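In the numbering used here, the protein residues as written are 5 to 241. Data first, discussion second: the structure below is written as structure tokens.
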């Protein structure tokens with residue numbers, strides 16, 4: 005049985021994933037899960053949904069979401085917690101540099117897709133209002149965008165009939181289709197707000213935390229380390 009818990013130092017919201025009953029202690033939730041649902045307790049990270057059998061392992065894992073970013077890709081600026089992840093990411097830029105990418109609106113060519121996308125966004129925003137959701141390439145008309153979409157057919161063969169977005173697997177398509185539904189089967193146990201995806205509900209529940217992460221440069225406070233990092237990159241870099 006799954007159970008959700010927020011940040012390890014903030015346990016005001018420990019609740020059963022089966023019936024959403026809330027508890028003040030993990031031990032009480034464990035007892036409840038065995039007696040009421042006849043299932044062992046599984047703790048899930050509220051950020052990435054990874055599952056753990058013990059509170060201590062969940063706490064160690066959760067700290068990884070709050071650790072500062074230390075490695076930045078020189079090509080696109082994307083940041084990583086671990087150097088090996090950044091090096092693995094940079095391999096894709098090596099492949100990109102082998103082929104020049106031509107702008108659809110002027111003679112400029114680029115080695116990196118990131119640079120081409122930034123060029124179109126800054127230089128030709130009015131000419132490229134239609135964006136491919138899979139690769140973010142810009143196009144001047146719906147016809148040009150539709151002509152481009154088949155290029156993704158081999159890697160994203162499962163198409164949403166509502167918005168024409170493609171997905172790699174049927175399971176991913178099914179998860180996406182929930183967004184087009186009016187159903188809200190997942191309710192926040194605190195404020196009862198409804199969501200069509202469990203992940204969105206867990207993300208929303210961050211706003212109910214009393215604990216905040218403070219920016220040391222301007223004293224602004226955020227509900228998560230991710231929000232703080234975005235703020236620092238935008239306002240203080």
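Note that beta-carbon positions come from the ideal geometry of N, C-alpha and C, so glycine has one too. Predicted, not measured: the structure shown is a model, and the values here were computed from it.
Considering only C-alpha positions, which residue in the set 180, 181 and 197 is nearest to residue 188? 197
If you check the beta carbons only, do residue 166 and residue 184 fall under 8 Å apart? yes
Got a sec? Which residues, its chain only, sit under 7 Å from residue 42 by beta carbon, not counting five neighbours each side? none
Secondary structure at residue 76, three-state DSSP: helix, strand or coil? strand
Taking the alpha helix (DSSP H) that residue 126 belongs to, which residues open and close that run? 117-127
Please state whether DSSP places residue 218 in a helix, a strand or coil. strand
Judging by CA-CA distance, which residue of 94, 217 and 179 is the nearest neighbour of residue 203? 179
Is the CB of residue 144 under 8 Å away from at least one CB in chain C? Protein chain content of the structure displayed is limited to a single chain, and chain C is not contained in it.
What is the DSSP secondary structure of residue 113, reduced to helix, strand or coil? strand
Using 8 Å as the threshold, is the C-beta distance between residue 123 and residue 107 below it? yes
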